[in-house]
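Quick note: to get the working numbering, add 364 to the position in the sequence shown (first position is 1).
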Amino acid sequence: MTTLGRASSDRSHPNPEVPMTDGQTEAAAAPLDASGLPLIGGPDFPIGIFWTPPPDQTTQARYQEIRDAGFTFVITGNYLDDGNIIGWALQQADQVGLKVLISDDTQIRNLTRWFTISDDRSVPMSITTADGRTLMQRALDAYGGHPSFAGFNMFDEPWPDLFPSLGRAMGIARALRPSMLPYTNIAPDLGNPPGAYAQFVENFIQTVQPALLSFDRYPILSSGLDTGYFSNWATIRQAGLNHGLPTWTFIQSVGSNTFRATNGAEMLWLINVSLAYGAKGIQYFTYWTPDPARGEGFGPAIIDLNGRRTERYRAAQQINTGWLSPVGRQLKPLVSDQVSHFDDPAQADGVTAFAADDVLTAVSGDPVIIGRFRSADPGDRTRWLLIVNRQYDRPASATLSPVPGRFGGITQFDPRSGTYRQVQNDRITASLSAGEAALYRLS
């Protein structure tokens with residue numbers, strides 16, 4: 365886990381951008397079509413949490429509280445690492461309609477973390493492929509009957525020398541239960557030589573063959589904004605497009621020794637930037653506040669250590685139910701076509717500056733990020749624009765001019781009604797509060 369990583373029982377590992385070594389090129393089994401998998405398939409936009417309520421707070425009321433805040437799934441954690449308590453958590457999720465990705469099951473940790481899967485019996489600390497199937501089947505027998513069961517969190521932030529064995533584990537999971545999601549999340553770009561992170565991501569995809577591409581980076585620091593966030597997203601976005609993988613991310617809803625606590629506008633901003641870069645799933649780090657005994661200085665998250673809702677609960681609830689869920693349903697089936705920044709104040713590396721093209725001729729006003737989307741049907745000339753305030757601490761207004769005569773009408777999405785309403789045909793004027801975004805359709 366990196367210094368900007370999520371709470372885990374494993375806090376350190378080698379640099380994730382170390383090149384693959386000899387013998388690490390074995391690819392996993394080719395992935396199945398992921399479009400029907402839990403959370404990836406269907407119209408609903410996946411909105412998840414990491415760091416669930418602890419064992420003594422794993423109740424139906426607590427899981428209903430999660431659901432009421434607009435979350436659709438949980439990734440277990442926070443000492444839910446015993447088969448009995450994991451099963452109990454699944455029961456609570458069953459009752460309220462949440463989906464669950466299980467972390468820290470003993471069988472899965474043996475399969476992916478503690479042993480290498482290899483039929484070469486000379487490999488130290490190894491298990492055979494048949495042993496791996498046995499471990500996975502035990503886990504499926506224990507949890508697979510629950511309606512809430514979505515899959516397993518196979519490994520968080522794996523480093524390159526684990527990719528081959530993790531890929532074999534993913535292949536075993538697909539073979540035994542094609543309908544479940546074998547999930548893993550990768551480390552962020554830690555600022556090593558240019559191109560190293562892109563190669564790391566490519567190695568991960570080629571070797572592990574994931575069903576989706578998820579990463580975490582927490583850019584709102586005590587010292588200000590980590591503008592490398594944009595280039596990190598650009599790398600993930602391009603890799604996802606290259607391989608046809610949906611991209612997910614974590615947004616920070618807690619502070620620590622490294623990054624500071626966020627307010628509602630900042631959480632909204634992180635979500636909207638991610639949507640502009642093509643995110644097909646959003647996860648909050650963290651929901652429950654991590655125990656201070658972990659030594660990382662975590663402050664109150666969405667729920668504090670005493671089980672009380674913080675101001676971030678209400679903010680997340682408003683964001684999820686009033687914006688992210690409805691707008692996510694609009695964006696989920698679309699293809700990210702382009703991302704550009706207009707008048708970006710940081711002129712950050714890896715950012716594509718706005719330039720006139722066959723969709724937009726000009727932008728004026730305050731700094732904005734423009735995420736452009738198209739239908740998966742190549743014959744559909746409709747375009748969607750998600751206009752995001754580049755700033756999370758002040759309002760912005762920008763005017764965008766579409767190419768004259770290219771589109772017959774411009775409509776703006778209303779998240780309250782789930783419909784589009786007509787706006788001026790010759791230009792778009794977006795007036796945005798701090799962290800806010802607006803979605804337009806050009807048809």
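Note that beta-carbon positions come from the ideal geometry of N, C-alpha and C, so glycine has one too.
A Cβ-Cβ distance of about 16 angstroms is found for the pair I449 and I430, leaving them out of contact under the 8 angstroms criterion. Around the Cβ of E675, a 10 Å sphere holds fewer than 16 other Cβ atoms; the residue is exposed. Contact between the stretch 522-532 and the stretch 500-509 is absent: fewer than 3 CB-CB pairs across the two stretches fall below 8 angstroms. Around R581, the same chain offers L368, P552, Y593 and N596 as residues with beta carbons nearer than 7 angstroms, after the five sequence neighbours per side are excluded. When the alpha-carbon of Y561 is set against those of D590, W523 and Q573, the nearest one is in W523. If the five residues before and after S467 are omitted, its C-beta is found closer than 7 angstroms to the C-beta atoms of I439, T440, G441 and N517, all from its own chain and listed in chain order. A buried status is given to G799, since no fewer than 16 other beta-carbon atoms sit within 10 Å of its beta-carbon. DSSP places Q424 outside any beta strand (DSSP E); the residue lies instead in the alpha helix (DSSP H), whose first and last residues are Q424 to D432. Under DSSP, the beta-bridge partners assigned to Q702 are R736.
With respect to the C-alpha of D757, the residue from W633, L724 and L577 having the closest C-alpha is W633.
Following the DSSP letters along the chain, one finds F594 inside the alpha helix (DSSP H) bounded by residues G592 to H607.
The beta carbon of A802 sits closer than 8 angstroms to those of L750, I751, Q776, F777, A794 and L796, all from its chain and outside the five residues before and after it, given in chain order.
For A802, the secondary structure class from DSSP, reduced to helix, strand or coil, is strand.
Following the DSSP letters along the chain, one finds N517 inside the beta strand (DSSP E) bounded by residues F513 to D520.
When the beta-carbon positions are compared, D483 and T493 come within less than 7 angstroms of each other. Rounded to the nearest angstrom, the Cβ distance from Y648 to I615 is 6 angstroms, consistent with a contact under 8 angstroms. Annotation: the continuous alpha helix (DSSP H) that includes T470 extends over T470 to R473. Contact between P546 and G515 holds: CB atoms are separated by about 6 angstroms, below the 8 angstroms threshold.
Taking C-beta separations shorter than 6 angstroms and ignoring five residues to either side along the sequence, the partners of A398 in its chain run I404 and A575, following chain order.
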